[in-house]
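Chemist: Numbering (the working numbering), first residue to last: 1 to 165.
1) Please identify the residue among 101, 61, 81, 146 whose C-alpha is closest to the C-alpha of residue 3.
2) Return yes when the Cβ of residue 59 is within less than 8 Å of the Cβ of residue 76, no when it is not.
3) Does the stretch 116 to 132 come close enough to the stretch 146 to 155 to have 3 or more Cβ pairs within less than 8 Å?
4) What do you get for residue 130, buried or exposed, if any count of 16 or more other CB atoms within 10 angstroms of its CB means buried?
5) So, with DSSP's three-state summary, where would you put residue 109?
6) Over what stretch of residues does the alpha helix (DSSP H) that includes residue 6 continue unbroken?
7) When you compare the CB positions of residue 35 and residue 155, do they come within less than 8 Å of one another, or not?
8) Starting from the C-beta of residue 79, find all residues in its chain whose C-beta is less than 6 Å away, skip the five residues before and the five after it, and write them out in chain order.
9) Which residues in the same chain have their Cβ closer than 6 Å to the Cβ of residue 89, if we skip the five residues on either side of it in sequence?
10) CA-CA distance, residue 108 and residue 14?
11) For a test of the three-state rule: what should DSSP assign to residue 153, helix, strand or coil?
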């Protein structure tokens, strides 16, 4: 990646869009174990800040499920040379000691990326597809969808954020 391409992205490109999410957020996390059926709703609080000179967005959050606390950290970025969104995610709910690495489709402008977990073969590995959608400057929807090994959707978590500062 050339420094010039990165500086241009920070001024008017995708890295400028990442900067628009910096701040403190609160909202509701909706947990779904079946497609479209909310099993739990709970408050969630998050903080987003740029790191490494604006290359990445760090998202730290705290919430709960069934009255038990949970927390997580995600790093979101856009790989200029490969023209895709990428992320690394850790959390205290279902990933154990694993790190979920996800990648978007090259050339896509949609802020979406998919990672895999579970089994050792494509026939047994589950997918985890995350999309990020801004609704104006002060509302944000993060939707992470479980994908069965056959590609069928299988619940997930939707975070409905509102900016508090």
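No residue lacks a Cβ here, since even glycine has one placed at the ideal position from N, Cα and C.
Modeler: Concretely, from the data shown:
1) For this step, residue 3 is matched to residue 3 along the chain shown. Among 101, 61, 81, 146, the Cα nearest to that of residue 3 belongs to 81.
2) For this step, residue 76 is matched to residue 76 along the chain shown. For this step, residue 59 is matched to residue 59 along the chain shown. Their beta carbons are under 8 Å apart, which means residue 76 touches residue 59 by this criterion.
3) Yes, the stretch 116 to 132 is in contact with the stretch 146 to 155.
4) The count along the chain shown starts at 1 and reaches residue 130 at position 130. Flag for residue 130 reads buried.
5) Position 109 of the chain shown, counted from the start, is the residue given in the question as residue 109. It is coil, neither helix nor strand.
6) In the chain shown, counting from the first residue as 1, residue 6 sits at position 6. Note, residue 6: alpha helix (DSSP H), 3 to 12.
7) Here residue 35 corresponds to residue number 35 of the chain shown, with the count starting at 1. Here residue 155 corresponds to residue number 155 of the chain shown, with the count starting at 1. For residue 35 and residue 155, yes; Cβs fall inside 8 Å.
8) Counted from its first residue, the chain shown places residue 79 at position 79. Cβ within range, chain order: 86.
9) For the purposes of this step, residue 89 is identified with residue 89 of the chain shown, where counting begins at 1. Cβ within range, chain order: 74, 100.
10) Within the chain shown, the letter at position 108 stands for residue 108. Within the chain shown, the letter at position 14 stands for residue 14. C-alpha separation (whole angstroms): 12 Å.
11) Counted from its first residue, the chain shown places residue 153 at position 153. If DSSP states are grouped into helix, strand and coil, residue 153 belongs with the strands.
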